[in-house]
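Residue numbers (the numbering used here), protein chains in the order written: chain R, 370 to 578; chain V, 9 to 271.
Okay, here's the thing in structure tokens:
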């Protein structure tokens with residue numbers, strides 16, 4: 370699939386990782402410019418961003434902000450949005466729920482101390498259960514339909530982050546474990562997750578995991 | 009303009025029929041007569057066979073007795089001339105857990121579109137956007153609409169946090185900071201010049217923004233005074249006949265905005 374040369378400007382890892390993972394897996398070429406917090410504070414870039422936030426994404430003459438809008442745009446172009454309208458709606462539904470959990474996770478990461486971690490980990494099984502249930506059905510290969518979608522990329526990254534946070538967190542979820550193993554074995558993802566590029570990038574810059 | 013789904017199929021057929029009639033000569037060919045006389049039958053047959061077809065409706069919303077996260081979708085369905093059934097859930101019943109256990113993520117709202125059940129309010133808005141040609145005319149507009157809807161969602165999350173967690177202590181600070189968030193939408197609205205955020209007709213992002221602005225006007229009636237494009241947007245959306253009828257209805261007025269009664 371031909372894509373215009375895409376360029377992305379983003380802070381380290383954080384929300385942009387889900388975009389990277391999707392592009393890497395699909396073999397889409399893109400340029401990336403990484404902005405550090407120091408650069409962000411010193412430059413006029415923030416004022417030029419629609420919502421004062423990164424990432425910025427450029428695809429030809431289209432400039433986009435908002436990570437999830439960027440992901441949806443790419444998903445449409447790369448055929449990762451289901452085979453029909455019904456699947457698209459279910460992918461959206463899964464993705465929104467994954468974003469809810471990702472927001473909770475990011476909130477935890479930015480807390481001043483570890484006091485919220487215990488409560489978070491206690492609630493985690495309830496948060497993960499719907500995904501386990503979805504993937505343990507008859508056609509459990511992907512969250513929706515029989516092809517990888519934008520929601521799957523988000524879930525893979527979410528699960529990887531949570532395994533770092535709490536290695537035993539998937540012990541009670543065999544379908545999630547096998548799903549993660551299967552997706553991480555996809556050749557491009559396997560190569561990316563074993564690369565220095567991925568390994569050296571902190572999940573959230575300057576924060577503990 | 010839709011190129012997929014039932015509406016897209018209908019447009020394609022219309023275009024074929026139009027082309028055939030404009031090249032009319034003395035005699036009408038049998039195939040042209042067939043197309044014209046059987047246009048509606050062809051629409052239905054093609055629609056049923058189209059892989060991207062989604063048979064719409066009837067709609068049912070299951071939610072608590074508030075506007076909350078159903079505000080935007082109700083306004084959108086009203087404006088699109090849709091009827092829908094409301095199943096109102098009593099919070100005490102909800103806490104018993106039976107209905108909650110049937111919901112994929114243990115949450116409401118739930119939209120039923122015929123036999124298809126969907127959760128997550130923004131997924132529902134996007135689905136309605138696809139159903140009712142309110143997701144832009146092409147991929148570029150769709151992306152911009154997604155972006156604006158995500159921006160509205162960020163504002164909605166801030167509002168909800170203030171309402172439920174910090175109303176007494178944080179309301180004044182929130183109102184003071186509000187221009188720093190509204191100015192982004194003002195800039196986009198002013199630049200687009202059509203009276204909508206993206207393109208030249210309302211998208212689900214417009215309905216979401218409209219609804220969040222209505223709630224903010226209740227919070228602070230002067231909050232749009234320095235934002236002429238947003239003020240005009242709210243006035244024009246409110247004046248759209250089907251929206252006006254809905255906003256004047258008991259069904260709308262009787263529901264509190266938020267579950268804790270704060271606004």
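Where a beta carbon is used, it is the ideal one built from N, C-alpha and C, also for glycine.
query	result
Which of helix, strand or coil DSSP assigns to residue 143 of chain V	coil
Residues sharing a beta bridge with residue 119 of chain V, DSSP	V/69, V/126
Cβ-based contacts, 8 Å cut-off: residues of the region 100-126 of chain V near chain R	112, 113, 114, 124, 126
Anticipated Cβ contact below 8 Å, residue 456 of chain R with residue 525 of chain R, distance rounded	Actually they do not touch by this definition, with Cβ atoms about 18 Å apart.
7 Å CB neighbourhood of residue 196 of chain V in its chain, flanking five on each side removed	156, 205
Counted within 10 angstroms of its Cβ, other Cβ atoms place residue 91 of chain V as buried (16 or more) or exposed	exposed
Given residue 191 of chain V as reference, the closest of V/179, V/222, V/159, V/178 once Cα atoms are compared	V/159
Top-ranked residue by Cα proximity to residue 223 of chain V, from V/184, V/257, V/208, V/264	V/264
Nearest-angstrom Cα separation, counted from residue 112 of chain V out to residue 396 of chain R	33 Å
Three-state class that DSSP yields for residue 479 of chain R in the structure shown	coil
Nearest candidate by alpha-carbon position, reference residue 401 of chain R, set R/536, R/470, R/423, R/493	R/423
Simplified DSSP assignment, three categories, for residue 432 of chain R	strand
Short-range partners of chain V found in the region 413-424 of chain R, where Cβ spacing is below 7 Å	419, 420
Residues within the region 145-159 of chain V neighbouring chain B, beta-carbon criterion of under 9 Å	Annotation note: the requested chain B is absent from the structure, which comprises protein chains R and V.
Neighbour-count burial assignment, residue 234 of chain V, 16 or more Cβ in a 10 Å radius	exposed
Within 8 Å, strictly: CB atoms of residue 443 of chain R and residue 493 of chain R	no
Interface residues of chain R facing residue 128 of chain V [CB-CB closer than 8 Å]	461, 462, 465, 466
Close beta carbons around residue 81 of chain V, own chain, < 8 Å, minus the five adjacent residues each side	69, 117, 119, 129, 132, 133, 136, 215
At least 3 beta-carbon pairs within less than 8 Å: the region 139-158 of chain V vs the region 437-451 of chain R	yes
Residues from the region 189-206 of chain V in contact with chain R, defined by Cβ distance under 7 Å	192
Residues of its chain near residue 189 of chain V, where Cβ-Cβ distance is below 6 Å and the 5 sequence neighbours each way are ignored	163
The alpha helix (DSSP H) enclosing residue 180 of chain V, as first and last residue numbers	175-185
Contact list for the region 246-264 of chain V against chain R, Cβ threshold 9 Å	none
Nearest-angstrom Cα separation, counted from residue 227 of chain V out to residue 184 of chain V	12 Å
Spatial distance of residue 565 of chain R from residue 571 of chain R (CA atoms)	11 Å
Between the CA atoms of residue 429 of chain R and residue 550 of chain R - distance to the nearest angstrom	35 Å
Short CB-CB distance (under 8 Å) between residue 140 of chain V and chain R	no
C-alpha distance - residue 318 of chain V paired with residue 95 of chain V, whole-angstrom precision	It is not possible to answer for residue 318 of chain V, since the shown part of chain V is limited to 9 through 271.
CB of residue 218 of chain V within 8 Å of CB of residue 142 of chain V, strictly	no
Which of helix, strand or coil DSSP assigns to residue 212 of chain V	helix
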